[in-house]
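*Asks:* Below you'll find the structure I mean.
Chains as they are written, first to last, in the numbering used here: chain A, 1 to 606; chain B, 607 to 1114.
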């Protein structure tokens, strides 16, 4: 008994790298109840005590999640708090240069730390190539959990102080609480100081309905994470992505779409839980995902997906680059940096030459066309922002391509919307014909996939083109069909960009390129070549649970917002006893998915 | 809402969930086809205590074999691909839980030098590789697909004994290979789907079967007729050997009779025109001398289909190509359906028939059986190795020994129980807990190739021949061993072999 007790105590307080603390563990919920028990004892008027208590709890949570990396969090908190104060004082005394110096210094330190963990392998590769050294990383560098989120959060704080959007937080403990608040520490959302810091000085207040919403978000997040994300990943997606060539084209395609849902369910599920848990403590975190697969175009998608990061990139990258007004030195410096990274990854100066030539042509055309200059610069800046967003995920080709594809998608969509319908039709027709002609001459599975997508788009647009030529006024039905068509195309486009997305952030570029590139190549090869209609029905039957979950997940996702708001409200209004019963039943159901036995491998394609 | 009310809600809800776990039957509840389970309170308090992996929970390795009771006999363990199409999958999956009872192993330990004894003819034939071609045929399941593992064996043998090419390949495949790129063109159109070809396979879905059982050595073939081409010259196979393999000097086309095209110089590329009518069993890219290694993967196959292949073409192939070693790498695909000792024995017996079949049709060849790797399955939310795997490995080894066949335990090469967990953590295996990654396949293949080469070292008393002249010394030894080999063919059913050669081994 004593042994078990000792083990239990050790389990509670020690860090186990094999079992980092996650929202999906029972430990977390016991931890939460214990934390809440003490939280409930603290008087609502004693705000400072409450904040210090929650700060200590958050640090303990981070220690359980990432162990000694807590020191990194403490360092970033302390250094950025000091830098923010220094910037504020420099601004008050009118020393603009000093203010800028502190800002640059703080951002450089933050980015160097982030870069060390994210780009260590890439950097070692660059150093070895440049100086003919043989440096290597003795042990695998583990990426501290949530490092990007809290780094971005402190950068946004210091930048906001610099641009005088907010006043600095005088108490370091309050600032530490803002940076480390445990529900959003691991996976965001990235909270701005202007949104969160005022809440530190407000007493606890939570209405009965808000409590209901908190419980709803927690259950919703758990179901998304465990049922949709983990189950789909374990029982199908991981298998296919690990060995695409073992599966047929349809299986690969299905898994790719399921992966799209899995990524969403995983990330948004975690954020939903974070929002719900924070709400229980009386703190409001911003919405991070707003049904992203309901987007009508890539641009709208990024306004709905990981909203806090998109907003961060817009505020601290896109706008400083010149936004939709002009191109700045930052724009050209960023292009040069991307050209350098591209050159390094490809080991060829041709890459730099191509990137710089394209940039020069854009600059030339923009200079010659004052009427379209703003539009061109806006597109260039948004493309660079997407590339930087890609490189943030990791310094490898796959993420650069992923960012580039999203950037191209956004630009093409903008151009599409601003061009007249005849031009659209002729361009699309020309692209489709040339695509099929190329495939006829040089058969390729990738080209085949592209051509099928092009043909589908062309057929859809042909109907729209003909419909618009008829003397019939647009009605609700036709608008809804058009809307569904746009949503479908955007979903398909975003899903295919994810071919390049599924690989670790902190990888040796060679490994990342190898893993991600081979996966993408092999999946496309199967989707575009190894197609056999005979296996579709047997596959769907054998994987019926996975297929039904995918369909159900997508259907729930596409439910109208109004209906979703209605059932959230209905849940929030339930009597507490009924709510508790629903919670228990949901937990039992969710557990069945975590404990489900592995489905044996079933091969359909030969 | 007040904080203490929220706390009360949280406490009561959590307590209720714990109570549900406490009172929930430990074996779960069956509702229709569903089986509901809940964690025990111990699991909640200390999740790792219930994990079966020894690395995590430090449970000692299971030494004893489980004895099966109340388990229906699984007479046939079909290919999993076939299982998927039949209701048997459910029947097998829903067999009652095995009541495991430790029993003492009945079969005496196999001498550690046994596997290399069974490869002596192969080792001896290697000594002639400078004068003639020596063929190794590597049959296996998806673990060797795309030339994985085989490529390492080929590279190791060819770098030491010469030889080139990638061996036998099918005329049409949707799979990509690490060693060769191939495209079949009909009427100048690259075939990206199999719809225009009449393909037959001895494994996989039953719709691909051929009534006369003529599948050839690849266990798959295509039948061409003139109607499939508009012009007589329009059936070509574009071949390109990748830098991972050596160039070839000869192409052997397996029609009903072999047709050989000699190259003027070693090459990597060739556009091969094919006949338009009749059976095509494959194309072999090879050299006249040295070692040629075929990679013949059969996805989803358990290795029990060879007896369904008509022996004529097989026998012809093995003899004309001087096949000296046949590697059979199977077992993984039966693991999900193998519930206990009886089904293990049943599977071993079926494999025994296959081995005897090979003995009849390729009497000149040695046989090496490569057992299944460690594999994971999910049980109560935890990923664990298949509990029956050690038993399967042991029984396969005993069966191999009793048939005079060398056995290589991939399971042990991975480190035994929990090996797959470690391989996943090291990036050597995929998250599915079954297949190797490219890196892992390289390691497994290199280990296997090294093990094969170690056999030469062992039998030549620590002398590693650096060139083929040195192998003369090996012949002396292998001659002696070959005498023993006759005896080992007659190993009694207890597996006792008294003719061991003094060898040292890394594995087994």
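Glycine is no exception: its CB is placed at the ideal position from the N, C-alpha and C atoms. The structure displayed is predicted, hence computed values, not measured ones.
Which residue or residues does DSSP assign as beta-bridge partners of residue 900 of chain B?
*Replies:* B/743
*Asks:* Rounded to whole angstroms, what is the Cα-Cα separation between residue 124 of chain A and residue 135 of chain A?
*Replies:* Pairing residue 124 of chain A with residue 135 of chain A, the inter-Cα distance amounts to about 7 Å.
*Asks:* Would you mind sorting residue 384 of chain A into buried or exposed? The rule is 16 or more other CB atoms within 10 Å of its CB.
*Replies:* buried
*Asks:* Name the DSSP beta bridge partners of residue 868 of chain B, please?
*Replies:* B/856
*Asks:* Let me know if residue 418 of chain A comes out buried or exposed under the rule of 16 or more other beta-carbons within 10 Å of its beta-carbon.
*Replies:* Exposed: under 16 other Cβ atoms inside 10 Å.
*Asks:* Could you tell me whether the Cβ atoms of residue 52 of chain A and residue 181 of chain A are closer together than 9 Å?
*Replies:* no
*Asks:* Could you tell me whether the Cβ of residue 811 of chain B comes closer than 9 Å to any Cβ of chain A?
*Replies:* yes
*Asks:* Determine whether the Cβ of residue 1052 of chain B lies closer than 9 Å to any Cβ atom of chain A.
*Replies:* no
*Asks:* Considering only the beta carbon of each residue, do residue 903 of chain B and residue 787 of chain B sit closer than 9 Å?
*Replies:* no
*Asks:* Under 8 Å between beta-carbons, which chain B residues line up against residue 446 of chain A? List them in chain order, please.
*Replies:* By Cβ distance, chain B contributes nothing, its closest Cβ being about 12 Å from residue 446 of chain A, past 8 Å.
*Asks:* Please report the Cβ distance between residue 972 of chain B and residue 724 of chain B, rounded to the nearest whole angstrom; I am assuming they are in contact, meaning their Cβ atoms lie under 8 Å.
*Replies:* 6 Å
*Asks:* Please list the partners that residue 618 of chain B has in chain A, where partner means a Cβ-to-Cβ separation under 8 Å.
*Replies:* 580, listed in chain order.
*Asks:* If we define contact as Cβ-Cβ less than 9 Å, is residue 671 of chain B a contact residue for chain A?
*Replies:* Legend: pLDDT at residue 671 of chain B = 36, less than 50; position of this residue unreliable, value from coordinates given subsequently. Not an interface residue.
*Asks:* Roughly how many whole angstroms lie between the Cα atoms of residue 367 of chain A and residue 330 of chain A?
*Replies:* 18 Å
*Asks:* Identify each residue in the region 181 to 210 of chain A for which the Cβ-Cβ distance to at least one residue of chain B is less than 8 Å, and report them in chain order.
*Replies:* 204, 206, 207, 208 and 210
*Asks:* Going along the region 560 to 586 of chain A in order, which residues come within less than 7 Å of chain B, judged by CB to CB distance?
*Replies:* 576, 580, 583 and 584
*Asks:* Please state whether DSSP places residue 570 of chain A in a helix, a strand or coil.
*Replies:* Here residue 570 of chain A sits in helix by DSSP.
*Asks:* Using a Cβ-Cβ cut-off of less than 9 Å, list which residues of the region 17 to 49 of chain A approach chain B; keep chain order.
*Replies:* So the list reads 18, 19, 25, 26, 27, 29, 30, 32, 33, 36, 37, 39, 40, 41, 42 and 44, given in the order they occur along the chain.
*Asks:* What alpha helix (DSSP H) runs, 4 residues minimum, are completely inside the region 987 to 1034 of chain B?
*Replies:* 995 to 1008, 1016 to 1019 and 1025 to 1031
*Asks:* Would the region 241 to 261 of chain A and the region 526 to 538 of chain A be scored as touching if the rule is three or more Cβ pairs under 8 Å?
*Replies:* yes
*Asks:* Hey, is residue 978 of chain B's beta-carbon within less than 9 Å of any beta-carbon in chain A?
*Replies:* no
*Asks:* Skipping 5 residues on each side, what residues in its chain have a beta carbon closer than 8 Å to that of residue 549 of chain A?
*Replies:* 227, 228, 231 and 232
*Asks:* Along the chain, which unbroken stretches of the alpha helix (DSSP H) at least 4 residues long are found entirely within the region 272 to 346 of chain A?
*Replies:* 298 to 304, 307 to 313 and 329 to 346
*Asks:* Can you list the residues of chain A that residue 781 of chain B reaches, using a CB-CB cut of under 7 Å?
*Replies:* 245
*Asks:* Tell me the DSSP secondary structure of residue 803 of chain B in three-state form.
*Replies:* coil
*Asks:* With DSSP collapsed to three states, give me the class of residue 929 of chain B.
*Replies:* strand
*Asks:* To the nearest angstrom, how far is the alpha carbon of residue 868 of chain B from that of residue 857 of chain B?
*Replies:* Rounded to whole angstroms, the separation of the alpha carbons of residue 857 of chain B and residue 868 of chain B is 7 Å.
*Asks:* Under the rule that 16 or more other beta-carbon atoms within 10 Å means buried, what is residue 755 of chain B, buried or exposed?
*Replies:* In summary, residue 755 of chain B is buried, with 16 or more beta-carbon neighbours lying within 10 Å of its beta-carbon over all protein chains present.
*Asks:* Quick one: which chain A residues come within Cβ less than 7 Å of residue 1049 of chain B?
*Replies:* Simply none; closest approach about 15 Å.
*Asks:* Buried or exposed: residue 406 of chain A, going by 16 or more other Cβ atoms within 10 Å of its Cβ?
*Replies:* Buried, by the Cβ-count rule.
*Asks:* Assign residue 400 of chain A to buried or exposed, taking buried as 16 or more other Cβ atoms, counted over all protein chains shown, within 10 Å of its Cβ.
*Replies:* buried
*Asks:* Given that residue 1036 of chain B touches chain A, what residues does it touch there, using C-beta distances under 8 Å?
*Replies:* 238, 239, 242 and 243
*Asks:* Taking Cβ to Cβ, would you say residue 953 of chain B is nearer than 9 Å to residue 938 of chain B?
*Replies:* Taking 9 Å as the cut-off, the Cβ atoms of residue 953 of chain B and residue 938 of chain B do not count as close.
*Asks:* Ends of the beta strand (DSSP E) at residue 1039 of chain B?
*Replies:* From DSSP, residue 1039 of chain B is part of no beta strand (DSSP E); its letter is neither H nor E.
*Asks:* Mind checking residue 886 of chain B: buried by the 16 CB within 10 Å criterion, or exposed?
*Replies:* buried
*Asks:* Hey, out of A/74, A/398 and A/282, whose CA is closest to residue 44 of chain A's CA?
*Replies:* A/282
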